[in-house]
Amino acid sequence: MDTLAQRETWLAAIAGAHDAAQLAAVETHLFGPKGVVLELVRSVTSLPKEQRPAFGKAANAVKQEVEAALAAQREAFAQQALARELGAADFDPTEPGPRRARGALHPITIVQNELVDLFTSLGFQWQDGPEVESEYFNFDALNIPADHPARESQDTFWLEPHAGLGKNLLRTHTSPVQVRTLQRAVAQGFEPPLKVIVPGRCFRSETVDKSHEHTFYQMEGLVVDRVRGEHGVSTANLIHTMKTCLRVILERDVQVRLRPGFFPFVEPGFELDVNCPFCKGQGCSVCKQSGWIEILPCGMVHPNVLQKGGLDPEQFTGFAFGMGLQRVVMLRYGIDDIRQFMGGDLRFLQQFPEVAR
Ligand code: PHE
121 MDTLAQRETW
131 LAAIAGAHDA
141 AQLAAVETHL
151 FGPKGVVLEL
161 VRSVTSLPKE
171 QRPAFGKAAN
181 AVKQEVEAAL
191 AAQREAFAQQ
201 ALARELGAAD
211 FDPTEPGPRR
221 ARGALHPITI
231 VQNELVDLFT
241 SLGFQWQDGP
251 EVESEYFNFD
261 ALNIPADHPA
271 RESQDTFWLE
281 PHAGLGKNLL
291 RTHTSPVQVR
301 TLQRAVAQGF
311 EPPLKVIVPG
321 RCFRSETVDK
331 SHEHTFYQME
341 GLVVDRVRGE
351 HGVSTANLIH
361 TMKTCLRVIL
371 ERDVQVRLRP
381 GFFPFVEPGF
391 ELDVNCPFCK
401 GQGCSVCKQS
411 GWIEILPCGM
421 VHPNVLQKGG
431 LDPEQFTGFA
441 FGMGLQRVVM
451 LRYGIDDIRQ
461 FMGGDLRFLQ
471 QFPEVAR
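Numbering-wise, the sequence shown is residues 121 to 477 according to this note's numbering.
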């Protein structure tokens, strides 16, 4: 076989390609599945033994030469293409490159992350609990009597009962994790103090409007410590912790006030108000002219709850709070409609800073 003659034809075909597409076709002809160059190299096997070394050497040299020519031509076309692009009238090398669309964190996640950072820096631990909860942990263990209105079906999403499993529901608050955490801590040989936060999703069968959602986020806090001498966990500790938390999250100094609030699982129970960050207490539409915004239900852990958790209320005291995360986010960013959070409108979500964590 006249390898030399073929070599010239192939090199000519490569040189004769007018553009990258033609060159690609030539390449398939030469090196594709039935490529002629590869066939030439393989044809060595059909020769008498003594001719093989010389032919093999020559064929390989041709193959390498053709490959090199192809590569050079390919590179030349690429350079031409680039030059064309750079020379095009509408090419502006100072323009920023295409921006990759990046996801942004949901504002609730942003605020939750900040709160978790803050509380872990204060020595709290993150605790999880189930969204499908038992009636026992959601209500009974929290000293919420059977006839309490919160149990009525208008507030609670009850689940189909399963034989032998008792009644289950979608948790209406993160408080059930209080007793779960205490029980677990006691089972593991309780070493006070216990300081946990429980960020989580809660559900209530509410009519949805500007300030009510059926699905919402809370962050429960629980601190329990042994009474030492005269001293146990006090309301002063609670207020201090809450003030620190609100100052960080609302990014300004805050004044707080406590009003009595009724929750069966705390005694005394409080509603903690913060002076309105929008009007600085002067009175505006956000605070309904009162100068104060109700933000944080909290209180001292009820002795019955400590008992359900397995602790002696004579020896241990604690405080708990249940922050409504949407509420905090609304105050922080000045959002006035809670439905925005789960409305799925990207224009709303894209307003929040991209945060890479
Ligand atoms: N779990 C209560 C609620 O959702 C809030 C709360 C938590 C109150 C902890 C006091 C202490 O309404």
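Note that CB positions come from ideal geometry on N, CA and C, so glycine has one too.
| Thinking just about the alpha-carbon of each residue, which of 366, 417, 348 is nearest to the one in residue 378? | Within the sequence shown, numbered from 1, the residue matching residue 378 stands at position 258. The candidate whose alpha carbon is nearest that of residue 378 is 417.
Exercise for the section: Measure the C-alpha to C-alpha separation of residue 450 and residue 458 and round it to an integer number of angstroms. Expected result: Here residue 450 corresponds to residue number 330 of the sequence shown, with the count starting at 1. Here residue 458 corresponds to residue number 338 of the sequence shown, with the count starting at 1. Roughly 8 angstroms between the two C-alpha positions.
Exposed or buried, which one is residue 199 when buried takes at least 16 other CB atoms within 10 Å? As a working note, residue 199 is residue 79 in the sequence shown. With fewer than 16 other Cβ atoms from the protein chains shown falling within 10 Å of its own Cβ, residue 199 counts as exposed.
(message) For residue 246, list the residues DSSP reports as bridge partners.
(response) For this step, residue 246 is matched to residue 126 along the sequence shown. Residue pairing by DSSP places residue 246 opposite 317 in a beta bridge.
*asked:* I need the DSSP call for residue 455, collapsed to helix, strand or coil.
replied: Position 335 of the sequence shown, counted from the start, is the residue given in the question as residue 455. Residue 455: coil per DSSP, three-state reduction.
inquiry  = Whole angstroms are fine: how far does the CA of residue 290 sit from the CA of residue 231?
reply    = To locate residue 231, count along the sequence shown from 1; it is residue 111. To locate residue 290, count along the sequence shown from 1; it is residue 170. A straight-line Cα-Cα distance of about 24 angstroms links residue 231 and residue 290.
| Extent of the continuous alpha helix (DSSP H) to which residue 176 belongs | Residue numbering aside, residue 176 sits at position 56 when the sequence shown is read from its first letter. 172 to 207 is the span of the alpha helix (DSSP H), which, as asked, contains residue 176.
Using the Cβ count rule (16 or more neighbours within 10 Å means buried), how would you classify residue 344? To locate residue 344, count along the sequence shown from 1; it is residue 224. Result: buried.
query = Nearest CA to the CA of residue 239: which residue from 468, 463, 364, 421?
reply = For the purposes of this step, residue 239 is taken as the residue at position 119 of the sequence shown. Nearest C-alpha to residue 239: 364.
- Message: Given the structure, does residue 419 come close to the ligand PHE, in the sense that its CB is under 8 angstroms from one of the ligand's heavy atoms?
- Response: Sequence index remark: in the sequence shown, residue 419 carries index 299 (1-based). At least one heavy atom of the ligand PHE lies less than 8 angstroms from the C-beta of residue 419.
### Message
I'd like to know if the segment 304 to 320 and the segment 276 to 289 are in contact, where contact means that at least 3 CB-CB pairs between them fall below 8 angstroms.
### Response
Contact fails: fewer than three Cβ-Cβ distances are below 8 angstroms.
Next on the checklist: Any heavy atom of the ligand PHE closer than 8 angstroms to the beta-carbon of residue 294?
Outcome noted: As a working mapping, residue 294 is identified with position 174 in the sequence shown. Look at residue 294: its beta carbon is less than 8 angstroms from one of the heavy atoms in the ligand PHE.
Check your understanding: What residues in its chain sit with their C-beta under 7 angstroms from that of residue 409, if we drop five residues either side in the sequence?
Key -> Here the question's residue 409 lines up with position 289 in the sequence shown. For residue 409, where only same-chain residues beyond five positions count, the Cβ hits under 7 angstroms are 403.
Measure from the alpha carbon of residue 245 to the alpha carbon of each residue in 298, 258, 275, 193, then state which is nearest.
Sequence index remark: in the sequence shown, residue 245 carries index 125 (1-based). It is 298 whose Cα lies nearest to the Cα of residue 245.
task = Assign residue 477 to one of three DSSP states: helix, strand, or coil.
result = By 1-based counting over the sequence shown, the position of residue 477 is 357. Any reading at residue 477 must be qualified, since the residue scores a pLDDT of 46, below 50, and its modelled position is unreliable; the value itself is stated next. Reduced to three states, the DSSP call for residue 477 is coil.
Subject >> Strand pairing of residue 439, partner residues [DSSP] >> reply: Stepping through the sequence shown from its first residue, residue 439 is reached at position 319. Per DSSP, 343, 420.
Between which residues of its own chain and residue 337 is the CB-CB distance below 8 angstroms, once the five residues before and five after are set aside? Taking the first residue of the sequence shown as position 1, residue 337 is located at position 217. A distance below 8 angstroms between beta-carbons, with the five flanking residues on each side excluded, links residue 337 to the following residues of its chain, in chain order: 228, 232, 319, 320, 321, 322, 444, 445, 446.
In this structure, how does DSSP classify residue 142 when only helix, strand and coil are distinguished?
Position 22 of the sequence shown, counted from the first residue, corresponds to residue 142. If DSSP states are grouped into helix, strand and coil, residue 142 belongs with the helices.
Under 8 angstroms: does the beta carbon of residue 340 sit that close to some heavy atom of the ligand PHE? Reading the sequence shown from its first residue, position 220 is the one you call residue 340. Checking the 8 angstroms criterion, the Cβ of residue 340 is within range of a heavy atom belonging to the ligand PHE.
Since I believe residue 367 is in contact with residue 397 (beta carbons under 8 angstroms), could you give me their beta-carbon distance rounded to a whole number of angstroms?
As a working mapping, residue 397 is identified with position 277 in the sequence shown. As a working mapping, residue 367 is identified with position 247 in the sequence shown. Actually they do not touch by this definition, with Cβ atoms about 11 angstroms apart.
Helix, strand or coil at residue 351 [DSSP, three-state]: Against the sequence shown, residue 351 aligns to sequence position 231. DSSP places residue 351 in strand when its eight states are reduced to three.
**Message:** Would you say residue 399 lies against chain C (beta-carbon separation less than 9 angstroms)?
**Reply:** Of the protein chains in this structure there is only one, and it is not chain C.
What residue range is occupied by the uninterrupted beta strand (DSSP E) comprising residue 290?
By 1-based counting over the sequence shown, the position of residue 290 is 170. First-last of the beta strand (DSSP E) with residue 290: 288 to 290.
task: For residue 430, collect the residues of the same chain with a Cβ closer than 7 angstroms to its Cβ; drop the 5 residues on either side in sequence, then sort them by chain order.
output: Here the question's residue 430 lines up with position 310 in the sequence shown. Result list for residue 430: 302, 303, 306, in chain order.
*asked:* Can you find the residues in the same chain that come closer than 7 angstroms, C-beta to C-beta, to residue 476, ignoring five residues on each side of it along the sequence?
replied: Within the sequence shown, residue 476 is the residue found at index 356, counting from 1. Any reading at residue 476 is ruled out, since the residue's pLDDT is 48, under 50, leaving its predicted position unreliable.
Near the ligand PHE: residue 440 beta-carbon under 8 angstroms from a heavy atom: For the purposes of this step, residue 440 is taken as the residue at position 320 of the sequence shown. Yes, the ligand PHE has a heavy atom inside 8 angstroms of this Cβ.
Proximity of residue 131 and residue 189 at Cβ, strictly below 9 angstroms: To locate residue 131, count along the sequence shown from 1; it is residue 11. To locate residue 189, count along the sequence shown from 1; it is residue 69. The answer is yes: Cβ separation under 9 angstroms.
Residue 390, enclosing beta strand (DSSP E) - first and last residue: Sequence index remark: in the sequence shown, residue 390 carries index 270 (1-based). In the DSSP assignment, residue 390 falls within the beta strand (DSSP E) that extends over 386 to 395.
Please work out which residues of its chain come closer than 6 angstroms, Cβ to Cβ, to residue 405, disregarding the five sequence neighbours upstream and downstream, and give them in chain order. Your numbering for residue 405 matches position 285 in the sequence shown. Excluding residues up to 5 positions away in sequence, nothing lies with its Cβ nearer than 6 angstroms to the Cβ of residue 405 in the same chain.
| request: Determine the closest residue to residue 473 out of 415, 312, 440, 223, with distance taken between C-alpha atoms. | output: Here residue 473 refers to the residue found at position 353 of the sequence shown. Ranking 415, 312, 440, 223 by Cα distance to residue 473 puts 223 first.
**OP:** Indicate the three-state DSSP secondary structure (helix, strand or coil) for residue 413 in the structure shown.
**Re:** The residue you call residue 413 lines up with position 293 of the sequence shown. Strand, per DSSP.
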